[in-house]
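**Q** Protein chains in written order, with the working numbering: chain B, 43 to 367; chain R, 43 to 367. To start, I am sharing the structure in question, which I have written as C-alpha cells.
Protein chains: 2
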Amino acid sequence: MIITAGIHDLVAEDLHRVEAKMRQFVGDSNETLAEAIDYLVDAGGKRLRPIVVLLATRFQPTDAEKAASLAAAVEMLHTATLVHDDLIDNALFRRGSPTLNAKWSPGATILTGDYMFSRSASLAAETESVRIVKVFATTLMTIVNGELQQLFNNGHDAAPPTLEEYHQRIFAKTASLFAASAKMGGILAKLPEARIQTLYDYGYHLGMAFQVMDDILDFQGDEARLGKPVANDLRQGIITLPVLHFLENHPDHPIIMKAAARLHPTEDEIRAVVAEIRESGSLQRALDEARRFAMQAKKALQSLPDNQYRQALAYIADYAVARDI
Amino acid sequence: MIITAGIHDLVAEDLHRVEAKMRQFVGDSNETLAEAIDYLVDAGGKRLRPIVVLLATRFQPTDAEKAASLAAAVEMLHTATLVHDDLIDNALFRRGSPTLNAKWSPGATILTGDYMFSRSASLAAETESVRIVKVFATTLMTIVNGELQQLFNNGHDAAPPTLEEYHQRIFAKTASLFAASAKMGGILAKLPEARIQTLYDYGYHLGMAFQVMDDILDFQGDEARLGKPVANDLRQGIITLPVLHFLENHPDHPIIMKAAARLHPTEDEIRAVVAEIRESGSLQRALDEARRFAMQAKKALQSLPDNQYRQALAYIADYAVARDI
Chain B
43 MIITAGIHDL VAEDLHRVEA KMRQFVGDSN ETLAEAIDYL VDAGGKRLRP
93 IVVLLATRFQ PTDAEKAASL AAAVEMLHTA TLVHDDLIDN ALFRRGSPTL
143 NAKWSPGATI LTGDYMFSRS ASLAAETESV RIVKVFATTL MTIVNGELQQ
193 LFNNGHDAAP PTLEEYHQRI FAKTASLFAA SAKMGGILAK LPEARIQTLY
243 DYGYHLGMAF QVMDDILDFQ GDEARLGKPV ANDLRQGIIT LPVLHFLENH
293 PDHPIIMKAA ARLHPTEDEI RAVVAEIRES GSLQRALDEA RRFAMQAKKA
343 LQSLPDNQYR QALAYIADYA VARDI
Chain R
43 MIITAGIHDL VAEDLHRVEA KMRQFVGDSN ETLAEAIDYL VDAGGKRLRP
93 IVVLLATRFQ PTDAEKAASL AAAVEMLHTA TLVHDDLIDN ALFRRGSPTL
143 NAKWSPGATI LTGDYMFSRS ASLAAETESV RIVKVFATTL MTIVNGELQQ
193 LFNNGHDAAP PTLEEYHQRI FAKTASLFAA SAKMGGILAK LPEARIQTLY
243 DYGYHLGMAF QVMDDILDFQ GDEARLGKPV ANDLRQGIIT LPVLHFLENH
293 PDHPIIMKAA ARLHPTEDEI RAVVAEIRES GSLQRALDEA RRFAMQAKKA
343 LQSLPDNQYR QALAYIADYA VARDI
C-alpha cells in the first residue's frame, strides 16, 4: 500500500518531527541501543498510525510539537510490540529486513523492546494529557492481552475461532491501536466528545479493514515482498477470515483441523489447502468484508467538517482495501 | 530484612489497597494471565518501594486512592522488570519460589512482563499527574538502559568496572526506582520543590545502600534463603563493590579477570576466590560504604518535619544495613 504524495505533503513537516523524536536518545549515552533504534526506525513501514494521529489533530489548531510527540509515541509503541512479537515467533525477517532477534541475543532484544515501551510512554506524556496517557496504556494492555490469549489457546485441542473471536483478536492486534491513534489525536486537538468518538469509530473500522486485508494478503503469497511464506498464519495454526469462510462449506476440513490443533501440516498439505481456499471464493468474501469495514470508516467521517484532512482520512480507508485479488 | 510491625501498621490499610490494585485485572477476562499476576504478587518481597511511596505521601494530606495507585504502579513496574530479568538470566527461582519462566514459555513470560509494564503505566496515570507519569517512564528508561549497558559489556575483553561505573550501574538497577518512589510520593502530596528534592535524595541514598548490601549478601552464601548460589554475580561476570575493594590489593587477580571476561571460572576457582574475598576485609569495607549511604539517606530527612513518617523512613534506612557480616 502506498500513501499518495498528496497525503504525505499534508503532514510532511510533522512526519520529519516524528522521525526525529523516535531517533532522539534520552538518558545516558548508549550507542548500541541508539543504533538499534535507528535501525528499527529505518526499517519501519508506511507510518500509517502516525499519519492518522497527525490528521486527527488537524481539525482544530493543535500544538505541533505535542502532535509529533503523540504520533512518535504511537509508532514507537507499535515498533516495540513488533520487536517482542518477532522474538516470540522467531521471525527472522520483517518487511524484507532482518529482525532485531535475528541479529541480537534474546536478552538484548527483550530489553530493547522494553526500552521502547518506556520511551513511548514518555513521548505520550509529552502531550501533558493524563487522558491520553490512560488511553495509551490501556491500548497496550489490550494488545498484549490479545497476544497472550492467542498464545494460551495454543493447545493441541484448539478449535477454530468463532467469527466473533476472530473479530476480537484482530481488534486487539490491530484495530485497537488505530482507534486509539485517531481518538488520542482528537483529544489532543480538544475536539468535542462526539467528534472524538467519531474519530475512534473511524480508526476502529480502518484497523479492522486493514487487518482483514493483511489476512487476505497472507494467502496471496508474495513471499519476496512480505518476507514470509504463503499462509504463514495457517502454518502457525492461526485461523483467519478467509479460512473461516472456507470452513463454512468445508466443515472439519482435515488439514485445517490439523493446523488449528498446532499439529503442523506438511508443506504439500499447506499448498493443497491454500489452492482450495483460493479457488473457493473465500478470499473474495473476505475482501468484501474488508471493504465493508472501510466503508464504515468513511461513513464515520461524515460528521466531521469536509476539509482536506477528512478527505485524506477517507483516502486512507479506500486505499487500505484497494487491491484486486 | 524485616520491616517492623510498627511501620507496617502506619501504612497497613494502604498496603491492602496496593495489593488489591496489583491483583485487579483490567480489560477482557484472561484467567491464565490473572493467575500469573496473582502468583507473582504472592511471591513478592517486602513491598519496600510501595512503603517508601506511601510514607512520602504522608507529609501532607493526600488522596489515599491515588497514593495506593502510585505505590502499586511502582511495585508492578519493579515486578515486571524482575520477570524479564529472570527470563534473560534463565533464573529458575526467586525468593525461594519458581520464576515465571521456570513454569511458562519464553513468549508467555515476555508478554506477561509487557502486560505488567502497561498496567503499571495505567496505575501511574491514575494519579492524574503528568509529572508523575514522566518520572515513572524516565525511571523505566534508566533501569532498562542500565541492564542493556551491562549486557553489551559482556564481551570477552570486559575489564572490571571503575568505582564510578559500579555506582552508575547500581543507581540504574536499584537506586533510581527508590529515588523516584520517594520523589513521586512527594509530588503526589504536593510538597514544596525543596522537599521533593529531599525525598529524592533520601530515596537515592537508601537505594544505593540497599544495593551495596545486596551485593555483600551475595558473598554470604545463604543459598537456601536467596535461592541462588554464593557469588552469583561473580559467576556471571558481574563485578560488585566487595570485588572492587579486593582488587585494589590484588590487581589482575586471575580468577576475577577470568570471571570479568565471562570465561566462566570453575566451581573450585569460585570457592577459592570467595574465601579470599571474605578473609580480605573487603566485605567489611563494602559494609562501611553501605552504612555511609544509609547515613546520607537519614541526613537528607533532617529537613523534613520530625514526625512518625520521617522516623519510619529513617528506620528503613537503618534497617537496610543492620546486619553483621
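The beta-carbon is built from N, C-alpha and C at its ideal position, and this holds for glycine as well. Bear in mind that the values here come from a model prediction, so they are computed numbers and not experimental data.
(1) Report the option in B:I130, B:F252, B:A359 whose CA atom is closest to the CA atom of B:A214.
(2) Give the residues from the stretch 282-312 of chain B that approach chain R closer than 9 Å (Cβ to any Cβ), ordered along the chain.
(3) Does R:F213 come within less than 8 Å of chain B when only Cβ atoms are used?
(4) Using a C-beta cutoff of 8 Å, does R:Q344 count as contacting chain B?
(5) So which residues on chain R does B:S72 lean against when the C-beta distance must stay under 8 Å?
(6) Does DSSP put R:R137 in a helix, in a strand, or in coil?
(7) Please list, in chain order, the chain B residues whose beta carbon lies closer than 8 Å to that of R:R91.
(8) Which of the three DSSP states, helix, strand or coil, is assigned to R:V60?
(9) Closest to R:K340 by C-alpha separation, out of R:H247, R:I297, R:D257, R:S324, would be which residue?
(10) Who are the neighbours of R:K176 on chain B, taking C-beta pairs under 7 Å?
(11) Under the three-state reduction of DSSP, which class applies to R:S223: helix, strand or coil?
(12) Residues of the stretch 143-154 of chain R in Cβ contact with chain B at a cutoff of 8 Å, in chain order, please.
(13) Would you mind working out which of B:M158, B:A231, B:I152, B:F135 sits nearest B:D80, comparing C-alpha positions?
(14) Can you give the Cα-Cα distance for R:A113 and R:R91, rounded to whole angstroms?
(15) Determine the direct distance from the alpha carbon of R:A364 to that of R:I319, and round the result to whole angstroms.
(16) On a Cα-Cα basis, can you pick out the residue from B:T154, B:L57, B:P203, B:G87 that is closest to B:P284?
(17) Measuring only the C-alpha atoms, how far is B:D310 from R:M183?
(18) Does any residue of chain D have a CB that is nearer than 8 Å to the CB of R:T204?
(19) Mind listing the chain B neighbours of R:A130? Cutoff is C-beta to C-beta under 8 Å, in chain order.
(20) Is R:N132 buried or exposed, if buried means 16 or more other CB atoms sit within 10 Å of its CB?
(21) With distances taken between CB atoms, is the gap from R:L82 to R:Q350 smaller than 8 Å?
(22) Counting only C-beta atoms, is R:F159 closer than 8 Å to chain B at any point?
(23) Could you pull out every residue in the same chain whose Cβ sits closer than 6 Å to the Cβ of B:R352, ignoring the five residues on either side in sequence?
(24) Can you look up R:Q350 in the DSSP assignment and give me helix, strand or coil?
(25) Let me check understanding here. Comparing Cα to Cα, which of B:D260, B:L286, B:F67 lies closest to B:M118?
(26) Looking only at its own chain, which residues have a Cβ that is under 8 Å from the Cβ of R:L219, when we skip the five neighbours before and after it?
(27) What residues from chain B crowd round R:T180, counting only those whose CB sits closer than 7 Å?
(28) According to DSSP, is B:H292 helix, strand or coil?
**A** A quick look at the data gives this:
(1) B:F252
(2) none
(3) no
(4) no
(5) It should be noted that the sequence gives Asn, not Ser, for residue 72 of chain B. Near B:N72 (Cβ distances below 8 Å), the residues of chain R are N187, L190, Q191, F194.
(6) coil
(7) Under the 8 Å cutoff, chain B gives no residues; its nearest Cβ is about 17 Å from R:R91.
(8) helix
(9) R:H247
(10) S164, A167
(11) helix
(12) S147, P148, G149, A150, I152, L153, T154
(13) B:M158
(14) 7 Å
(15) 21 Å
(16) B:P203
(17) 47 Å
(18) The structure shown contains no chain D; its protein chains are B and R.
(19) Here residue 130 of chain R is Ile; the residue named in the question, Ala, does not match the sequence. P148, G149, I152, L153, listed in chain order.
(20) exposed
(21) no
(22) yes
(23) L343, L346
(24) helix
(25) B:F67
(26) R91, V116, L119, H120, T181, I185, G249
(27) S164
(28) coil
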